[in-house]
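Colleague:
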Amino acid sequence: MYDSILNRKNILITGGTGSFGYQILKELSNYKPKSIVIFSRDEDKQNTMKQELREQKISKITKFVIGDVRDYDSLYTVCKNIDIVFHAAALKQVPTVELYPFEAVKTNILGSHNVVKASIARGVKHVVAVSTDKAVKPVNAMGMTKALQEKIFRSDQYEKNNTIFCSVRYGNVLGSRGSVIPLWDKKIENGQPLPVTHSEMTRFLLTLHDAIQLVFYAVKNAKGGEIFVKKAPSAKIVDLAKAYAELVTKKKNYPIEYVGIRPGEKIHELLISEEEMRFAIEKKDHYIIKKEEYEFDKNSAKKKIRFNEYSSGAVKFMSIEELKDIMKHLSWVV
Ligand SMILES: NC(=O)c1ccc[n+]([C@@H]2O[C@H](COP(=O)([O-])OP(=O)(O)OC[C@H]3O[C@@H](n4cnc5c(N)ncnc54)[C@H](OP(=O)(O)O)[C@@H]3O)[C@@H](O)[C@H]2O)c1
Numbered sequence: 409m410y411d412s413i414l415n416r417k418n419i420l421i422t423g424g425t426g427s428f429g430y431q432i433l434k435e436l437s438n439y440k441p442k443s444i445v446i447f448s449r450d451e452d453k454q455n456t457m458k459q460e461l462r463e464q465k466i467s468k469i470t471k472f473v474i475g476d477v478r479d480y481d482s483l484y485t486v487c488k489n490i491d492i493v494f495h496a497a498a499l500k501q502v503p504t505v506e507l508y509p510f511e512a513v514k515t516n517i518l519g520s521h522n523v524v525k526a527s528i529a530r531g532v533k534h535v536v537a538v539s540t541d542k543a544v545k546p547v548n549a550m551g552m553t554k555a556l557q558e559k560i561f562r563s564d565q566y567e568k569n570n571t572i573f574c575s576v577r578y579g580n581v582l583g584s585r586g587s588v589i590p591l592w593d594k595k596i597e598n599g600q601p602l603p604v605t606h607s608e609m610t611r612f613l614l615t616l617h618d619a620i621q622l623v624f625y626a627v628k629n630a631k632g633g634e635i636f637v638k639k640a641p642s643a644k645i646v647d648l649a650k651a652y653a654e655l656v657t658k659k660k661n662y663p664i665e666y667v668g669i670r671p672g673e674k675i676h677e678l679l680i681s682e683e684e685m686r687f688a689i690e691k692k693d694h695y696i697i698k699k700e701e702y703e704f705d706k707n708s709a710k711k712k713i714r715f716n717e718y719s720s721g722a723v724k725f726m727s728i729e730e731l732k733d734i735m736k737h738l739s740w741v742v
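In my numbering, the protein residues as written are 409 to 742.
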């Protein structure tokens, strides 16, 4: 489906040893890229990934490079001859970033700026940044830095060049690293109740496969500055916990303990704000938020603004049975 865009291309994945990186490598093995470069800081994670790839065909074209997105020179070096950059490197955990917000400024904001500058300097054709629903009307430092990452990726500052920048935005990835599943596993192992923040809390959910398909779609269809948003089902976190416990223990009514909302958490997440809906085009499976013009939009004065925000609290929630069904088909990454 994406052969024309991915075959014979040199591809760079920043943050390639994370959950996103593992899945994108798996999906790229269905195509014929010329080369793949994994760029990240920790050699242990790279070694583990190398071991896991050893048996696979894709290992022959995959190269591992140690580097930090905070460092422009290492990005400039690694971007040589690259056609497509998937920018996934980030500090992404809300509680950590609440404690160390400036570390996320350095990685998520300055790092993204370095990715943009190095891509332009090296004449990369397509650059896709991975963003999150937490960047919409952000209340936590992680979301704030990702909101600025999105702004950098659609800034007019870089308009006069041949590199096409865009972002993809999605909600919680089921089973990705840093998810709540390892904690729930431990609780089940010890026969303890599953901790859930609040009975009303909801989240948009998607699989890594869907996330990667969105990224490929973005490379194929971006003209510059768009944010591609996947339409996604939403669920109450308490139902997710119940579904998971039922799957693991094969019993219904596993006990739940409500532990309260953490700093920086919302009850519901937004994938598109009311303001952004004015610029959003709806497609079958996703929305495309076009880049705003930084002038008065004369047409908008006469238009009735009739759009609502796209909130995880205002869509149909998945049932426990539906959640179990999705989770059954996932291999969990911790
Ligand atoms: N997982 C989700 O639920 C979710 C939802 C929406 C959006 N996203 C976004 O998707 C992207 C990928 O997430 P993920 O789940 O794959 O995260 P992950 O598993 O935590 O992986 C993060 C990757 O980034 C690398 N990294 C971190 N800081 C770096 C730096 N300064 N320079 C270079 N590499 C760095 C890490 O390797 P080293 O530590 O070795 O450097 C690792 O390879 C992130 O941008 C995240 O915000 C994730």
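Even glycine gets a Cβ: it sits at the ideal position worked out from N, Cα and C.
The structure presented is a predicted model; accordingly, all values stated were derived computationally and were not measured.
#1: Along the alpha helix (DSSP H) that carries Val510, what are the first and last residues, could you check?
#2: Tell me the rounded alpha-carbon separation between Thr422 and Lys710.
#3: Which residues, in chain order, sit with a beta-carbon under 5 Å away from any heavy atom of ligand 1?
#4: In the DSSP assignment, the alpha helix (DSSP H) including His521 goes from what residue to what residue?
#5: Select from Phe725, Gly583, Ala498 and Tyr625 the residue whose C-alpha is nearest the C-alpha of Leu616.
#6: Which same chain residues, not among the five before or five after Tyr718, have their C-beta less than 6 Å away from its C-beta?
#7: May I have the straight-line CA-CA distance separating Asn598 from Lys659, to the nearest angstrom?
#8: Whole angstroms is fine: what's the gap from Val505's alpha carbon to Gly586's?
#9: Taking Leu420 as part of the beta strand (DSSP E), name the residues at either end of that continuous run.
#10: To the nearest angstrom, how far is it from the Cα of Asn548 to the Cα of Thr515?
#11: Roughly how many angstroms lie between the CA atoms of Leu414 and Gly668, to the nearest whole one?
#12: Mind the definition here: the segment 492-507 touches the segment 460-471 only if three or more C-beta pairs lie below 8 Å; say whether that holds.
#13: On the three-state DSSP scale, how would you describe Phe636?
#14: Within this structure, are the beta carbons of Val523 and Leu483 separated by less than 8 Å?
#15: Under the assumption that Arg478 contacts Leu518 (Cβ atoms under 8 Å), give the Cβ distance between them as a whole number of angstroms.
#16: Keeping to the same chain, check which residues put their C-beta closer than 8 Å to that of Leu436; ignore five residues upstream and five downstream.
#17: Can you have a look at Val742 and say buried or exposed, based on whether 16 or more other CB atoms are within 10 angstroms of its CB?
#18: DSSP three-state label for Val538, please.
#19: Compute the beta-carbon to beta-carbon distance between Asp618 and Arg577, rounded to the nearest angstrom, for a pair I have assumed lies under 8 Å.
#20: Going by beta-carbon coordinates alone, are Thr553 and Ala512 separated by less than 8 Å?
#21: Are the beta-carbon atoms of Ala643 and Phe636 separated by less than 8 Å?
#22: Considering Ile696, what are the terminal residues of the alpha helix (DSSP H) in which it resides?
#23: Under 8 Å, do Leu613 and Ala640 count as touching if we go by C-beta distance?
#24: Using three-state DSSP, classify Val477 as helix, strand or coil.
#25: What does the alpha-carbon distance come out to for the pair Val604 and Lys650?
#26: Does chain D have any CB closer than 8 Å to the CB of Asp564?
Modeller: So, from the data block:
#1: Strictly speaking, residue 510 in this sequence is Phe, with Val absent from that position. Pro509 to Ala512 is the extent of the alpha helix (DSSP H) around Phe510.
#2: Cα-Cα distance, rounded: 44 Å.
#3: Selection output, chain order preserved: Gly423, Thr425, Gly426, Ser427, Phe428, Ser448, Arg449, Asp450, Lys453, Asp476, Val477, Ala496, Ala497, Ala498, Lys500, Thr515, Val538, Thr540, Asn580, Val581, Ser584 and Arg585.
#4: The continuous alpha helix (DSSP H) containing His521 extends over residues Gly519 to Ala529.
#5: Comparing Cα-Cα distances from Leu616 to each of Phe725, Gly583, Ala498 and Tyr625, the minimum goes to Gly583.
#6: Only Leu679 and Ile680 meet the Cβ criterion.
#7: Each residue's alpha carbon lies about 15 Å from the other.
#8: Spanning the two alpha carbons is a distance of roughly 13 Å.
#9: Secondary structure note for Leu420: its beta strand (DSSP E) is the uninterrupted segment Asn418 to Thr422.
#10: In this structure, the straight-line span from the alpha carbon of Asn548 to that of Thr515 is close to 16 Å.
#11: In this structure, the CA atom of Leu414 is about 45 Å from the CA atom of Gly668.
#12: In short, these stretches do not touch, since the Cβ pair count stays below three.
#13: The DSSP-derived three-state label of Phe636 is strand.
#14: Yes.
#15: About 6 Å separates the two Cβ atoms, so the contact holds.
#16: Leu414, Ile419, Ile444 and Ile466, listed in sequence order.
#17: Because the pLDDT at Val742 is just 35, under 50, the model does not fix this residue reliably, and the point stays unresolved.
#18: In the structure shown, Val538 sits in a strand (DSSP, three-state: E or B).
#19: About 13 Å; that fails the 8 Å criterion.
#20: Contact: yes.
#21: The Cβ-Cβ distance between Ala643 and Phe636 does not fall below 8 Å.
#22: Secondary structure note for Ile696: it is in no alpha helix (DSSP H), and the uninterrupted beta strand (DSSP E) holding it is His694 to Ile697.
#23: Yes, the Cβ-Cβ distance between Leu613 and Ala640 is below 8 Å.
#24: Three-state DSSP puts Val477 in coil, outside helix and strand.
#25: So the two alpha carbons sit approximately 10 Å from each other.
#26: In the structure shown, chain D cannot be found, because there is only a single protein chain.
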